[in-house]
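Enquirer: Going letter by letter, the sequence shown gives residues 29 to 307 in our numbering. The structure is given below, and queries will be raised subsequently.
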Amino acid sequence: MRVFRSIQGYKNWRNEISTSSKLGFVPTMGFLHEGHLSLVRNSVQENNYTVVSIFVNPVQFNNREDLEKYPRNETRDIAMLEEAGCDIIFMPSIEEMYPEEITESYSFPALDDVMEGVFRPGHFNGVAVVVARLFKIILPNISYFGKKDYQQYMIIKELARQQFPDLIIKGMETIREKDGLAMSSRNVRLSVVERENADMIFQLMTRAKKLKEEFSPAEIEKHIANMLVNAGFAKVEYIQISDADTLEPVHQWKDSSKPRIFIAAWLGNVRLIDNMELI
Ligand code: AMP
Numbered sequence: 029m030r031v032f033r034s035i036q037g038y039k040n041w042r043n044e045i046s047t048s049s050k051l052g053f054v055p056t057m058g059f060l061h062e063g064h065l066s067l068v069r070n071s072v073q074e075n076n077y078t079v080v081s082i083f084v085n086p087v088q089f090n091n092r093e094d095l096e097k098y099p100r101n102e103t104r105d106i107a108m109l110e111e112a113g114c115d116i117i118f119m120p121s122i123e124e125m126y127p128e129e130i131t132e133s134y135s136f137p138a139l140d141d142v143m144e145g146v147f148r149p150g151h152f153n154g155v156a157v158v159v160a161r162l163f164k165i166i167l168p169n170i171s172y173f174g175k176k177d178y179q180q181y182m183i184i185k186e187l188a189r190q191q192f193p194d195l196i197i198k199g200m201e202t203i204r205e206k207d208g209l210a211m212s213s214r215n216v217r218l219s220v221v222e223r224e225n226a227d228m229i230f231q232l233m234t235r236a237k238k239l240k241e242e243f244s245p246a247e248i249e250k251h252i253a254n255m256l257v258n259a260g261f262a263k264v265e266y267i268q269i270s271d272a273d274t275l276e277p278v279h280q281w282k283d284s285s286k287p288r289i290f291i292a293a294w295l296g297n298v299r300l301i302d303n304m305e306l307i
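See the structure below:
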């Protein structure tokens, strides 16, 4: 496994490999866990080469404290990627990725003006800026994204459709802890008590599948919001049942054949997001 910190170093390697080889790419912000590694292992299985990027992208953070407290552990990440069979780590500095003022801007009508788009203004523009730059540097054939960040996955698919038509975007299922909590680099910031309550999100999303027989989407959204507040969640930003393809709110079950529930809520100082198919 090789580690490149410069774009030029990576490009030299990229120019040397056969044009017929398949290259899989997994963009990450590091502090890796089994969720990231499931993407990496899929890529290793399906491609000749797997490139993983580690870059905590300041442009996608709309909250300064979140950026400052974002956990990092380069040495551990490198060891985990070696073990998972990764070939190349691309780990640029901020100056390497953003040597000049950022001028590009993106919008993805309908996809980025709901949920995370509302509560994290500028977030998806920042994601699109870095991912488009990374795609242009890495030149992958397939790129892997987690459905843990389902809205991001939909936006990246749209970005690829518009600008990288030959690139395949694959969405991978969410990897969870034993109690159902979606793995996330931010989970280490939960206190012991908060961590014990954090599985509520998974429990309630699972319950929503059953409640669907009897209750409307709005009734379920309200019920879950109340339950989270009662369980000690500091703030519920949204509970939204939306169509998995359009992300449009589902008002009546008959309006969507693929309803999905999306949740964003704060437990102490940590913002958790999760989602689940309601079929
Ligand atoms: P991040 O480092 O949080 O930016 O995540 C990098 C990639 O890993 C994104 O495509 C995420 O959606 C994906 N990912 C993060 N957590 C999980 C998880 N628990 N299961 C599956 N994929 C995940």
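Each residue gets a CB set at the ideal place from its N, CA and C atoms; glycine is no exception.
Once DSSP output is grouped into helix, strand and coil, what is the label at residue 304?
Expert: Numbered from 1 along the sequence shown, position 276 holds the residue referred to as residue 304. Of the three classes helix, strand and coil, the one that applies to residue 304 here is strand, per DSSP.
Enquirer: Go to residue 118, then tell me how far its beta strand (DSSP E) extends in each direction, as first and last residue.
Expert: Along the sequence shown, one-based indexing puts residue 118 at 90. From DSSP, the beta strand (DSSP E) with residue 118 extends over 116 to 118.
Enquirer: Can you find at least 3 beta carbon pairs, one from the region 152 to 160 and one from the region 285 to 301, that sit closer than 8 Å?
Expert: Touching, no.
Enquirer: Within 8 Å: the Cβ of residue 154 and any heavy atom of the ligand AMP?
Expert: Counted from its first residue, the sequence shown places residue 154 at position 126. Because no heavy atom of the ligand AMP lies under 8 Å away, the Cβ of residue 154 does not count as near it: no.
Enquirer: Report the CB separation of residue 217 from residue 297 in whole angstroms; it is logged as a contact under 8 Å.
Expert: For the purposes of this step, residue 217 is taken as residue 189 along the sequence shown, with counting starting at 1. For the purposes of this step, residue 297 is taken as residue 269 along the sequence shown, with counting starting at 1. Sure, about 7 Å apart at Cβ, within 8 Å.
Enquirer: Considering only the alpha carbon of each residue, which of 107, 110, 157 and 121 lies closest to residue 131?
Expert: Counting from 1 along the sequence shown, the entry for residue 131 is found at position 103. Closest option to residue 131, Cα to Cα, is 157.
Enquirer: Run the proximity test for residue 179: is its beta-carbon closer than 8 Å to any non-hydrogen atom belonging to the ligand AMP?
Expert: On the sequence shown, position 151 is the one that residue 179 refers to. No, the Cβ of residue 179 stays beyond 8 Å of every heavy atom of the ligand AMP.
Enquirer: How is residue 244 classed by DSSP in three states: helix, strand or coil?
Expert: The count along the sequence shown starts at 1 and reaches residue 244 at position 216. Three-state DSSP puts residue 244 in coil, outside helix and strand.
Enquirer: Could you check the C-alpha separation between residue 68 and residue 120 for me, to the nearest Å?
Expert: In the sequence shown, counting from the first residue as 1, residue 68 sits at position 40. In the sequence shown, counting from the first residue as 1, residue 120 sits at position 92. Their backbone Cα atoms lie some 19 Å apart in a straight line.
Enquirer: Using only the alpha-carbon positions, how far apart do residue 271 and residue 187 sit?
Expert: Numbered from 1 along the sequence shown, position 243 holds the residue referred to as residue 271. Numbered from 1 along the sequence shown, position 159 holds the residue referred to as residue 187. Distance between the alpha carbons of residue 271 and residue 187 is about 19 Å.
Enquirer: Cβ-heavy atom distance between residue 164 and the ligand AMP below 8 Å?
Expert: Walking along the sequence shown from the start, residue 164 turns up at place 136. Answer for residue 164: no, Cβ out of range of the ligand AMP.
Enquirer: Can you determine whether any heavy atom of the ligand AMP sits closer than 8 Å to the C-beta of residue 270, and answer yes or no?
Expert: Residue numbering aside, residue 270 sits at position 242 when the sequence shown is read from its first letter. No; taking the cut-off as 8 Å, the Cβ of residue 270 has no heavy atom of the ligand AMP nearer than that.
Enquirer: Out of 125, 88 and 53, state which residue places its alpha-carbon closest to the alpha-carbon of residue 196.
Expert: Numbered from its first residue, the sequence shown carries residue 196 at position 168. Comparing Cα positions, the closest option is 53.
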